[in-house]
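To keep things clear, I will list the structure first and then write my remarks on it.
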Amino acid sequence: MFNNLSDRILKTFDGLLGKGILTEEDVTSAMREIRVALLEADVPLDIAKDFVEKVKSRAVGEKLLKSIKPGDLVVKIVHDSLIELLSSGLDDNKFNLNINKTPTVILMVGLQGSGKTTTAAKLANLLKLKKKKVLLSSLDISRPAAIEQLLQLSNKIEVNCMNNEVKDEISTLISNTLEEAKKSLTEVIIFDTSGRTNIDEELLRELKDINKLTNPDETLLVTDSMIGQESVNVAKAFSDYVDLTGVILTRVDGDAKGGAALSMAHTTGKPIKFLGVGEKIDQIEVFSAKRLADRILDMGDIVGIVEKAEKDIDEKEAEEMARKMASGTFDLNDFNKQLSQMKKLGGIKGIMSLLPGVRKAKKTLQNSNLEDKTFFRMSAIICSMTKKEKIFPKIINGSRKKRIAKGSGVDIQDVNRLLKQFKNMQIMMKKMNKHGISGIEKMLGNNLSSNNLENIYSNLKR
25 MFNNLSDRIL
35 KTFDGLLGKG
45 ILTEEDVTSA
55 MREIRVALLE
65 ADVPLDIAKD
75 FVEKVKSRAV
85 GEKLLKSIKP
95 GDLVVKIVHD
105 SLIELLSSGL
115 DDNKFNLNIN
125 KTPTVILMVG
135 LQGSGKTTTA
145 AKLANLLKLK
155 KKKVLLSSLD
165 ISRPAAIEQL
175 LQLSNKIEVN
185 CMNNEVKDEI
195 STLISNTLEE
205 AKKSLTEVII
215 FDTSGRTNID
225 EELLRELKDI
235 NKLTNPDETL
245 LVTDSMIGQE
255 SVNVAKAFSD
265 YVDLTGVILT
275 RVDGDAKGGA
285 ALSMAHTTGK
295 PIKFLGVGEK
305 IDQIEVFSAK
315 RLADRILDMG
325 DIVGIVEKAE
335 KDIDEKEAEE
345 MARKMASGTF
355 DLNDFNKQLS
365 QMKKLGGIKG
375 IMSLLPGVRK
385 AKKTLQNSNL
395 EDKTFFRMSA
405 IICSMTKKEK
415 IFPKIINGSR
425 KKRIAKGSGV
435 DIQDVNRLLK
445 QFKNMQIMMK
455 KMNKHGISGI
465 EKMLGNNLSS
475 NNLENIYSNL
485 KR
(Lines of atoms letter the chains of each structure in order from A and count residues from 1; the text may use other names and numbers.)
(Lines give C-alpha, C1' and ligand atoms only; values in the text may rest on other atoms or scores of the structure.)
Protein backbone atom coordinates (compact mmCIF):
# COMPACT_ATOMS: atom_id res chain seq x y z
CA MET A 1 0.00 0.00 0.00
CA PHE A 2 2.84 2.39 0.80
CA ASN A 3 5.14 1.64 -2.16
CA ASN A 4 5.06 5.12 -3.72
CA LEU A 5 5.30 6.87 -0.36
CA SER A 6 8.22 4.65 0.68
CA ASP A 7 10.05 5.26 -2.59
CA ARG A 8 9.69 9.05 -2.28
CA ILE A 9 10.78 9.19 1.36
CA LEU A 10 13.72 6.80 0.84
CA LYS A 11 14.87 8.82 -2.17
CA THR A 12 14.85 11.90 0.06
CA PHE A 13 16.88 10.04 2.70
CA ASP A 14 19.47 9.05 0.06
CA GLY A 15 20.24 12.73 -0.39
CA LEU A 16 20.76 13.20 3.35
CA LEU A 17 22.62 10.05 4.37
CA GLY A 18 25.68 10.79 2.24
CA LYS A 19 26.34 14.17 3.87
CA GLY A 20 28.72 14.63 6.80
CA ILE A 21 27.07 17.91 7.86
CA LEU A 22 23.42 18.88 7.46
CA THR A 23 22.41 22.52 7.19
CA GLU A 24 18.97 23.88 8.03
CA GLU A 25 18.50 24.38 4.29
CA ASP A 26 19.17 20.64 3.70
CA VAL A 27 16.53 19.70 6.27
CA THR A 28 14.02 22.22 4.87
CA SER A 29 14.50 20.87 1.34
CA ALA A 30 14.09 17.28 2.54
CA MET A 31 10.94 18.13 4.50
CA ARG A 32 9.48 19.81 1.42
CA GLU A 33 9.94 16.53 -0.48
CA ILE A 34 8.38 14.51 2.33
CA ARG A 35 5.38 16.85 2.48
CA VAL A 36 4.79 16.34 -1.27
CA ALA A 37 5.13 12.56 -0.75
CA LEU A 38 2.52 12.65 2.04
CA LEU A 39 0.10 14.74 -0.04
CA GLU A 40 0.48 12.34 -2.98
CA ALA A 41 -0.32 9.51 -0.54
CA ASP A 42 -3.67 11.22 0.11
CA VAL A 43 -2.74 12.58 3.55
CA PRO A 44 -4.71 15.80 4.29
CA LEU A 45 -2.75 19.04 3.88
CA ASP A 46 -3.05 20.12 7.54
CA ILE A 47 -1.71 16.75 8.79
CA ALA A 48 1.14 16.69 6.23
CA LYS A 49 2.08 20.26 7.12
CA ASP A 50 1.99 19.59 10.87
CA PHE A 51 4.06 16.40 10.42
CA VAL A 52 6.92 18.05 8.51
CA GLU A 53 6.99 21.05 10.86
CA LYS A 54 7.40 18.71 13.85
CA VAL A 55 10.17 16.74 12.13
CA LYS A 56 11.95 19.92 11.03
CA SER A 57 11.87 21.54 14.50
CA ARG A 58 13.15 18.34 16.10
CA ALA A 59 15.86 17.80 13.48
CA VAL A 60 17.17 21.37 13.63
CA GLY A 61 17.00 21.56 17.43
CA GLU A 62 18.48 18.11 18.14
CA LYS A 63 22.01 17.97 19.54
CA LEU A 64 24.19 15.65 17.49
CA LEU A 65 26.28 12.93 19.09
CA LYS A 66 29.67 12.27 17.51
CA SER A 67 28.75 8.62 17.00
CA ILE A 68 25.55 9.43 15.07
CA LYS A 69 25.57 10.72 11.51
CA PRO A 70 23.22 13.69 10.89
CA GLY A 71 21.34 11.83 8.14
CA ASP A 72 20.72 8.84 10.44
CA LEU A 73 19.32 11.18 13.08
CA VAL A 74 16.81 12.67 10.63
CA VAL A 75 15.72 9.14 9.63
CA LYS A 76 15.15 8.31 13.32
CA ILE A 77 13.14 11.51 13.87
CA VAL A 78 10.95 10.79 10.82
CA HIS A 79 10.48 7.20 12.05
CA ASP A 80 9.46 8.32 15.56
CA SER A 81 7.14 11.00 14.13
CA LEU A 82 5.45 8.43 11.86
CA ILE A 83 4.78 6.22 14.88
CA GLU A 84 3.21 9.23 16.67
CA LEU A 85 1.02 9.98 13.64
CA LEU A 86 -0.15 6.38 13.34
CA SER A 87 -0.63 5.81 17.07
CA SER A 88 -3.87 6.22 18.97
CA GLY A 89 -2.84 5.73 22.59
CA LEU A 90 -3.39 1.96 22.61
CA ASP A 91 -0.65 -0.52 23.48
CA ASP A 92 1.22 -1.08 20.23
CA ASN A 93 0.94 -4.53 18.60
CA LYS A 94 -1.42 -5.75 21.36
CA PHE A 95 -4.76 -7.49 20.81
CA ASN A 96 -6.72 -4.39 21.79
CA LEU A 97 -10.23 -5.80 22.05
CA ASN A 98 -12.37 -5.56 25.16
CA ILE A 99 -13.26 -9.27 25.45
CA ASN A 100 -13.21 -9.75 29.23
CA LYS A 101 -17.01 -9.96 29.63
CA THR A 102 -18.96 -13.16 28.85
CA PRO A 103 -20.47 -12.96 26.37
CA THR A 104 -18.58 -10.09 24.74
CA VAL A 105 -20.62 -8.47 21.96
CA ILE A 106 -18.81 -7.13 18.88
CA LEU A 107 -20.75 -5.10 16.31
CA MET A 108 -19.32 -4.85 12.79
CA VAL A 109 -20.44 -1.78 10.81
CA GLY A 110 -19.46 -0.27 7.47
CA LEU A 111 -20.41 0.46 3.89
CA GLN A 112 -21.38 -2.23 1.39
CA GLY A 113 -18.36 -3.71 -0.38
CA SER A 114 -15.90 -2.86 2.38
CA GLY A 115 -15.30 -6.54 3.18
CA LYS A 116 -17.36 -6.45 6.38
CA THR A 117 -18.75 -10.01 6.25
CA THR A 118 -15.38 -11.58 5.39
CA THR A 119 -13.70 -9.49 8.09
CA ALA A 120 -16.27 -10.70 10.65
CA ALA A 121 -15.22 -14.28 9.83
CA LYS A 122 -11.51 -13.34 9.92
CA LEU A 123 -11.96 -11.82 13.37
CA ALA A 124 -13.90 -14.90 14.53
CA ASN A 125 -11.04 -17.11 13.32
CA LEU A 126 -8.52 -14.92 15.15
CA LEU A 127 -10.54 -15.19 18.38
CA LYS A 128 -10.88 -18.94 17.89
CA LEU A 129 -7.08 -19.19 17.75
CA LYS A 130 -7.09 -17.41 21.12
CA LYS A 131 -9.25 -20.26 22.48
CA LYS A 132 -12.46 -18.18 22.54
CA LYS A 133 -15.84 -19.76 21.76
CA VAL A 134 -17.36 -17.52 19.08
CA LEU A 135 -20.87 -17.17 17.63
CA LEU A 136 -21.41 -15.32 14.34
CA SER A 137 -24.76 -13.74 13.45
CA SER A 138 -25.76 -11.77 10.35
CA LEU A 139 -28.31 -8.97 10.75
CA ASP A 140 -28.12 -8.08 7.06
CA ILE A 141 -31.72 -8.95 6.13
CA SER A 142 -31.54 -6.63 3.10
CA ARG A 143 -29.02 -8.97 1.45
CA PRO A 144 -29.84 -12.70 1.82
CA ALA A 145 -26.51 -13.60 0.19
CA ALA A 146 -24.72 -12.03 3.17
CA ILE A 147 -26.34 -14.51 5.58
CA GLU A 148 -25.38 -17.42 3.31
CA GLN A 149 -21.84 -16.04 2.89
CA LEU A 150 -21.34 -15.84 6.66
CA LEU A 151 -22.65 -19.40 7.09
CA GLN A 152 -20.21 -20.70 4.47
CA LEU A 153 -17.28 -18.84 6.03
CA SER A 154 -18.21 -20.09 9.50
CA ASN A 155 -18.21 -23.69 8.23
CA LYS A 156 -14.78 -23.13 6.73
CA ILE A 157 -13.29 -21.94 10.04
CA GLU A 158 -15.46 -24.28 12.15
CA VAL A 159 -17.12 -21.52 14.19
CA ASN A 160 -20.81 -21.49 15.21
CA CYS A 161 -23.11 -19.27 13.15
CA MET A 162 -26.81 -18.42 13.42
CA ASN A 163 -28.92 -19.64 10.48
CA ASN A 164 -30.96 -16.42 10.40
CA GLU A 165 -34.06 -15.91 8.25
CA VAL A 166 -34.46 -12.71 6.20
CA LYS A 167 -38.20 -12.64 6.95
CA ASP A 168 -37.55 -12.08 10.67
CA GLU A 169 -37.27 -8.67 12.29
CA ILE A 170 -33.77 -7.57 13.31
CA SER A 171 -34.90 -7.40 16.94
CA THR A 172 -35.95 -11.08 16.73
CA LEU A 173 -32.61 -12.09 15.21
CA ILE A 174 -30.74 -10.31 18.00
CA SER A 175 -32.91 -11.88 20.68
CA ASN A 176 -32.45 -15.37 19.18
CA THR A 177 -28.68 -14.88 18.96
CA LEU A 178 -28.36 -13.74 22.58
CA GLU A 179 -30.47 -16.71 23.70
CA GLU A 180 -28.35 -19.17 21.69
CA ALA A 181 -25.16 -17.62 23.09
CA LYS A 182 -26.46 -18.17 26.61
CA LYS A 183 -27.34 -21.82 25.90
CA SER A 184 -24.06 -22.65 24.15
CA LEU A 185 -21.85 -20.79 26.68
CA THR A 186 -20.52 -18.55 23.91
CA GLU A 187 -17.73 -16.18 24.96
CA VAL A 188 -17.83 -13.75 22.00
CA ILE A 189 -20.76 -12.82 19.73
CA ILE A 190 -19.95 -11.08 16.44
CA PHE A 191 -22.89 -9.33 14.75
CA ASP A 192 -22.51 -8.51 11.04
CA THR A 193 -24.76 -5.61 10.02
CA SER A 194 -26.08 -4.43 6.66
CA GLY A 195 -24.26 -1.85 4.58
CA ARG A 196 -25.15 0.65 1.87
CA THR A 197 -23.29 1.94 -1.17
CA ASN A 198 -23.21 5.29 0.63
CA ILE A 199 -24.10 6.70 4.03
CA ASP A 200 -27.82 7.46 4.36
CA GLU A 201 -30.22 8.25 7.18
CA GLU A 202 -31.99 4.87 6.96
CA LEU A 203 -28.73 2.94 7.49
CA LEU A 204 -27.62 5.12 10.39
CA ARG A 205 -31.03 4.93 12.11
CA GLU A 206 -30.96 1.12 11.75
CA LEU A 207 -27.48 1.00 13.29
CA LYS A 208 -28.60 3.22 16.15
CA ASP A 209 -31.45 0.78 16.92
CA ILE A 210 -29.13 -2.25 16.65
CA ASN A 211 -26.66 -0.53 18.94
CA LYS A 212 -29.36 -0.10 21.62
CA LEU A 213 -30.55 -3.71 21.34
CA THR A 214 -27.10 -5.35 21.35
CA ASN A 215 -25.32 -2.98 23.77
CA PRO A 216 -21.95 -3.89 22.19
CA ASP A 217 -18.63 -3.95 24.02
CA GLU A 218 -16.85 -3.23 20.73
CA THR A 219 -18.22 -1.42 17.68
CA LEU A 220 -15.75 -1.80 14.82
CA LEU A 221 -15.97 0.12 11.56
CA VAL A 222 -14.76 -1.92 8.59
CA THR A 223 -13.61 0.40 5.81
CA ASP A 224 -11.81 -0.11 2.52
CA SER A 225 -8.37 1.52 2.38
CA MET A 226 -8.72 1.69 -1.43
CA ILE A 227 -11.20 4.59 -1.11
CA GLY A 228 -8.40 6.63 0.44
CA GLN A 229 -9.23 9.72 2.46
CA GLU A 230 -12.96 9.05 2.00
CA SER A 231 -12.62 6.22 4.55
CA VAL A 232 -11.74 8.85 7.18
CA ASN A 233 -14.93 10.75 6.28
CA VAL A 234 -16.89 7.48 6.58
CA ALA A 235 -15.45 6.96 10.07
CA LYS A 236 -16.47 10.49 11.08
CA ALA A 237 -20.05 9.97 9.81
CA PHE A 238 -20.52 6.62 11.56
CA SER A 239 -19.07 7.89 14.85
CA ASP A 240 -21.78 10.58 14.96
CA TYR A 241 -24.43 7.84 15.30
CA VAL A 242 -22.70 4.95 17.06
CA ASP A 243 -19.88 4.90 19.57
CA LEU A 244 -17.08 3.44 17.46
CA THR A 245 -14.34 1.77 19.49
CA GLY A 246 -12.02 1.13 16.56
CA VAL A 247 -11.43 0.73 12.84
CA ILE A 248 -10.45 -2.25 10.67
CA LEU A 249 -8.81 -1.21 7.39
CA THR A 250 -9.24 -3.76 4.59
CA ARG A 251 -7.34 -4.32 1.32
CA VAL A 252 -4.14 -2.93 2.79
CA ASP A 253 -2.26 -5.28 0.44
CA GLY A 254 -3.66 -3.42 -2.59
CA ASP A 255 -2.51 -0.30 -4.45
CA ALA A 256 -4.11 2.20 -2.07
CA LYS A 257 -2.11 5.37 -1.44
CA GLY A 258 -2.02 4.90 2.33
CA GLY A 259 -3.47 8.24 3.43
CA ALA A 260 -6.30 6.57 5.35
CA ALA A 261 -3.93 4.58 7.56
CA LEU A 262 -1.69 7.60 8.14
CA SER A 263 -4.45 10.00 9.14
CA MET A 264 -7.29 7.85 10.57
CA ALA A 265 -6.32 7.98 14.26
CA HIS A 266 -5.21 11.63 14.12
CA THR A 267 -8.36 12.85 12.32
CA THR A 268 -11.10 10.76 13.94
CA GLY A 269 -9.61 9.90 17.33
CA LYS A 270 -10.59 6.28 16.57
CA PRO A 271 -7.78 3.71 16.70
CA ILE A 272 -7.01 1.33 13.86
CA LYS A 273 -7.19 -2.08 15.54
CA PHE A 274 -6.69 -4.51 12.65
CA LEU A 275 -5.50 -4.56 9.04
CA GLY A 276 -6.90 -6.84 6.33
CA VAL A 277 -3.85 -7.85 4.31
CA GLY A 278 -5.31 -10.33 1.81
CA GLU A 279 -8.35 -12.34 0.79
CA LYS A 280 -7.55 -15.50 2.77
CA ILE A 281 -9.31 -16.03 6.09
CA ASP A 282 -6.07 -15.81 8.10
CA GLN A 283 -4.85 -12.64 6.39
CA ILE A 284 -5.66 -10.18 9.15
CA GLU A 285 -3.08 -8.47 11.37
CA VAL A 286 -3.22 -6.74 14.72
CA PHE A 287 -2.36 -3.10 13.95
CA SER A 288 1.05 -1.87 15.09
CA ALA A 289 2.14 1.73 14.51
CA LYS A 290 5.82 0.84 14.90
CA ARG A 291 5.71 -2.11 12.53
CA LEU A 292 3.87 -0.06 9.91
CA ALA A 293 6.39 2.80 10.25
CA ASP A 294 9.20 0.23 9.88
CA ARG A 295 7.66 -1.04 6.64
CA ILE A 296 7.17 2.46 5.22
CA LEU A 297 10.84 3.32 5.88
CA ASP A 298 12.09 -0.06 4.57
CA MET A 299 13.21 -1.17 8.02
CA GLY A 300 11.31 -4.42 7.51
CA ASP A 301 8.94 -6.32 9.78
CA ILE A 302 10.84 -9.23 11.28
CA VAL A 303 8.08 -9.65 13.90
CA GLY A 304 5.66 -10.21 11.01
CA ILE A 305 7.85 -12.97 9.58
CA VAL A 306 8.10 -14.66 12.99
CA GLU A 307 4.31 -14.46 13.49
CA LYS A 308 3.70 -15.95 10.05
CA ALA A 309 6.16 -18.76 10.77
CA GLU A 310 4.59 -19.51 14.17
CA LYS A 311 1.13 -19.67 12.61
CA ASP A 312 1.86 -21.52 9.37
CA ILE A 313 4.84 -23.80 10.03
CA ASP A 314 4.78 -26.94 12.16
CA GLU A 315 7.33 -26.57 14.97
CA LYS A 316 8.33 -30.26 15.06
CA GLU A 317 8.77 -30.30 11.30
CA ALA A 318 10.97 -27.19 11.48
CA GLU A 319 13.11 -28.76 14.24
CA GLU A 320 13.54 -31.94 12.19
CA MET A 321 14.54 -29.84 9.16
CA ALA A 322 17.13 -27.97 11.24
CA ARG A 323 18.54 -31.27 12.54
CA LYS A 324 18.91 -32.62 9.00
CA MET A 325 20.63 -29.43 7.88
CA ALA A 326 23.07 -29.64 10.78
CA SER A 327 23.82 -33.34 10.19
CA GLY A 328 24.19 -33.02 6.41
CA THR A 329 21.32 -35.45 5.67
CA PHE A 330 19.16 -32.80 3.97
CA ASP A 331 17.75 -34.29 0.72
CA LEU A 332 15.36 -33.27 -2.08
CA ASN A 333 12.34 -34.41 -0.02
CA ASP A 334 13.35 -31.83 2.59
CA PHE A 335 14.03 -29.25 -0.12
CA ASN A 336 10.47 -29.75 -1.40
CA LYS A 337 9.12 -29.28 2.14
CA GLN A 338 11.04 -26.00 2.36
CA LEU A 339 9.45 -24.82 -0.89
CA SER A 340 6.05 -25.64 0.61
CA GLN A 341 6.91 -23.64 3.75
CA MET A 342 7.98 -20.68 1.60
CA LYS A 343 4.57 -20.77 -0.10
CA LYS A 344 2.85 -20.81 3.30
CA LEU A 345 4.79 -17.70 4.32
CA GLY A 346 3.50 -15.82 1.27
CA GLY A 347 6.09 -16.84 -1.31
CA ILE A 348 9.36 -15.08 -1.97
CA LYS A 349 7.67 -11.71 -2.58
CA GLY A 350 5.66 -12.00 0.63
CA ILE A 351 8.80 -12.67 2.66
CA MET A 352 10.80 -9.99 0.84
CA SER A 353 8.13 -7.39 1.64
CA LEU A 354 8.89 -7.91 5.35
CA LEU A 355 12.70 -7.92 5.18
CA PRO A 356 14.66 -4.79 6.18
CA GLY A 357 16.77 -2.74 3.77
CA VAL A 358 16.10 -4.70 0.60
CA ARG A 359 14.01 -2.31 -1.48
CA LYS A 360 16.41 -2.45 -4.44
CA ALA A 361 16.43 -6.23 -4.28
CA LYS A 362 12.62 -6.18 -4.18
CA LYS A 363 12.59 -4.23 -7.43
CA THR A 364 15.10 -6.63 -8.96
CA LEU A 365 12.90 -9.51 -7.87
CA GLN A 366 9.78 -7.94 -9.38
CA ASN A 367 11.60 -7.65 -12.71
CA SER A 368 13.01 -11.18 -12.51
CA ASN A 369 11.47 -14.56 -13.31
CA LEU A 370 11.94 -15.75 -9.71
CA GLU A 371 8.26 -15.64 -8.86
CA ASP A 372 5.97 -17.95 -6.92
CA LYS A 373 5.27 -19.97 -10.09
CA THR A 374 9.00 -20.82 -10.08
CA PHE A 375 8.49 -22.63 -6.77
CA PHE A 376 5.52 -24.57 -8.15
CA ARG A 377 7.67 -25.65 -11.11
CA MET A 378 10.54 -26.70 -8.82
CA SER A 379 8.12 -28.67 -6.66
CA ALA A 380 6.68 -30.39 -9.75
CA ILE A 381 10.20 -31.44 -10.83
CA ILE A 382 10.93 -33.01 -7.42
CA CYS A 383 7.55 -34.79 -7.38
CA SER A 384 8.44 -36.39 -10.74
CA MET A 385 11.53 -38.07 -9.23
CA THR A 386 11.67 -41.55 -7.73
CA LYS A 387 12.19 -42.01 -3.97
CA LYS A 388 15.79 -43.04 -4.61
CA GLU A 389 16.48 -39.98 -6.81
CA LYS A 390 15.17 -37.63 -4.12
CA ILE A 391 17.51 -39.16 -1.52
CA PHE A 392 20.51 -39.62 -3.86
CA PRO A 393 20.32 -36.88 -6.54
CA LYS A 394 23.81 -37.76 -7.78
CA ILE A 395 22.35 -40.79 -9.60
CA ILE A 396 20.26 -38.52 -11.84
CA ASN A 397 21.90 -38.93 -15.26
CA GLY A 398 20.84 -37.67 -18.70
CA SER A 399 18.10 -40.25 -19.33
CA ARG A 400 16.67 -39.75 -15.84
CA LYS A 401 16.64 -35.97 -16.36
CA LYS A 402 14.76 -36.46 -19.63
CA ARG A 403 12.12 -38.59 -17.87
CA ILE A 404 11.78 -36.12 -14.97
CA ALA A 405 11.45 -33.16 -17.36
CA LYS A 406 8.73 -34.94 -19.34
CA GLY A 407 6.86 -35.95 -16.17
CA SER A 408 6.85 -32.41 -14.75
CA GLY A 409 6.21 -30.59 -18.05
CA VAL A 410 9.47 -28.61 -18.05
CA ASP A 411 12.70 -28.46 -20.06
CA ILE A 412 15.82 -30.44 -19.14
CA GLN A 413 17.52 -27.08 -18.41
CA ASP A 414 14.97 -26.51 -15.62
CA VAL A 415 15.89 -29.87 -14.06
CA ASN A 416 19.60 -28.99 -14.29
CA ARG A 417 18.92 -25.59 -12.71
CA LEU A 418 17.09 -27.13 -9.75
CA LEU A 419 19.83 -29.70 -9.14
CA LYS A 420 22.43 -26.92 -9.24
CA GLN A 421 20.44 -24.82 -6.75
CA PHE A 422 20.14 -27.81 -4.43
CA LYS A 423 23.89 -28.46 -4.67
CA ASN A 424 24.62 -24.77 -3.87
CA MET A 425 22.29 -25.02 -0.88
CA GLN A 426 24.18 -28.06 0.41
CA ILE A 427 27.49 -26.19 0.05
CA MET A 428 26.04 -23.24 1.99
CA MET A 429 24.84 -25.54 4.79
CA LYS A 430 28.26 -27.19 5.03
CA LYS A 431 29.86 -23.75 5.46
CA MET A 432 27.32 -22.88 8.14
CA ASN A 433 28.05 -26.12 10.02
CA LYS A 434 31.80 -25.58 9.74
CA HIS A 435 32.04 -21.86 10.51
CA GLY A 436 28.69 -21.03 12.13
CA ILE A 437 27.03 -17.77 11.17
CA SER A 438 30.43 -16.24 10.34
CA GLY A 439 30.53 -18.54 7.30
CA ILE A 440 27.40 -16.94 5.98
CA GLU A 441 28.62 -13.44 6.88
CA LYS A 442 31.75 -14.02 4.77
CA MET A 443 29.56 -15.13 1.89
CA LEU A 444 27.44 -11.98 2.24
CA GLY A 445 30.34 -9.62 2.84
CA ASN A 446 29.49 -9.25 6.56
CA ASN A 447 26.20 -7.43 5.92
CA LEU A 448 22.78 -8.01 4.43
CA SER A 449 22.91 -5.13 1.96
CA SER A 450 20.56 -4.85 -0.99
CA ASN A 451 23.48 -5.38 -3.40
CA ASN A 452 24.34 -8.69 -1.72
CA LEU A 453 20.72 -9.76 -1.87
CA GLU A 454 20.58 -8.88 -5.56
CA ASN A 455 23.63 -11.09 -6.12
CA ILE A 456 22.01 -13.95 -4.19
CA TYR A 457 18.81 -13.76 -6.24
CA SER A 458 20.66 -13.41 -9.54
CA ASN A 459 22.61 -16.57 -8.64
CA LEU A 460 19.36 -18.40 -7.91
CA LYS A 461 18.12 -17.50 -11.38
CA ARG A 462 21.12 -19.08 -13.12
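Just so you know, we're using the numbering used here here: the sequence shown kicks off at 25 and counts up by one. Each residue gets a CB set at the ideal place from its N, CA and C atoms; glycine is no exception.
Got a sec? Which residues, its chain only, sit under 7 Å from residue 487 by beta carbon, not counting five neighbours each side?
Residue 487 lies beyond the residue range present for the chain, which begins at 25 and ends at 486; the question has no answer from this structure.
Could you tell me whether the Cβ atoms of residue 159 and residue 195 are closer together than 9 Å?
no
Just the Cα atoms here: how many angstroms apart are residue 111 and residue 124?
Roughly 23 Å between the two C-alpha positions.
Backbone secondary structure at residue 211 - three-state DSSP
coil
Here's a check: name, in chain order, each residue in its chain whose Cβ is nearer than 6 Å to the Cβ of residue 66, leaving out the five neighbours to either side.
252, 253, 281 and 283
Going by DSSP in three states, residue 26 sits in which element: helix, strand or coil?
The three-state secondary structure of residue 26, taken from DSSP, is coil.
Considering only the alpha carbon of each residue, which of 181, 165 and 448 lies closest to residue 149?
181
Sort 260, 232 and 278 by Cα distance to residue 248 and report the nearest one.
Ranking 260, 232 and 278 by CA distance to the CA of residue 248 puts 278 first.
With three or more beta-carbon pairs closer than 8 Å as the criterion, would you say the stretch 220-240 touches the stretch 93-103?
no
Run of the beta strand (DSSP E) containing residue 132, from where it starts to where it stops:
128-133
Between the stretch 124-133 and the stretch 233-250, can you find at least three pairs of beta-carbon atoms closer than 8 Å?
Segment contact: the stretch 233-250 against the stretch 124-133, three or more CB-CB distances shorter than 8 Å; contact assigned.
Three-way DSSP call (helix, strand, coil) for residue 164 in this model:
Annotated three-state conformation of residue 164 is coil, per DSSP.
Taking the CB atoms as reference points, tell me whether residue 140 and residue 219 lie closer together than 9 Å.
yes
To the nearest whole angstrom, what separates the beta carbons of residue 273 and residue 289, a pair I think is in contact under 8 Å?
About 11 Å separates the two Cβ atoms, so there is no contact after all.
Backbone secondary structure at residue 137 - three-state DSSP:
coil
Check whether residue 298 and residue 142 have beta carbons under 9 Å apart
no
Rounded C-alpha distance that separates residue 452 from residue 444
When rounded, the separation of the alpha-carbon atoms in residue 452 and residue 444 is 12 Å.
What does residue 244 pair with, by DSSP beta-bridge criteria?
132 and 270
Candidates 145, 33, 176 and 417: which alpha carbon is nearest residue 98's?
33
If you run the structure through DSSP and keep just helix, strand and coil, what is residue 121?
coil
May I have the straight-line CA-CA distance separating residue 60 from residue 52, to the nearest angstrom?
Taking the straight line from one Cα to the other gives about 13 Å.
Within the same chain, show all residues whose beta-carbon is closer than 7 Å to that of residue 401, passing over the 5 residues directly before and after it, in chain order.
434 and 438
Quick one, which of 301, 295, 127 and 40 has its alpha-carbon nearest residue 55's?
40
When 258, 262, 276 and 263 are compared against residue 250, the one with the closest alpha-carbon
276
Which listed residue (210, 58 and 261) has its alpha carbon closest to that of residue 232
Among 210, 58 and 261, the Cα nearest to that of residue 232 belongs to 261.
Please confirm whether residue 165 and residue 183 have their CB atoms less than 9 Å apart.
no
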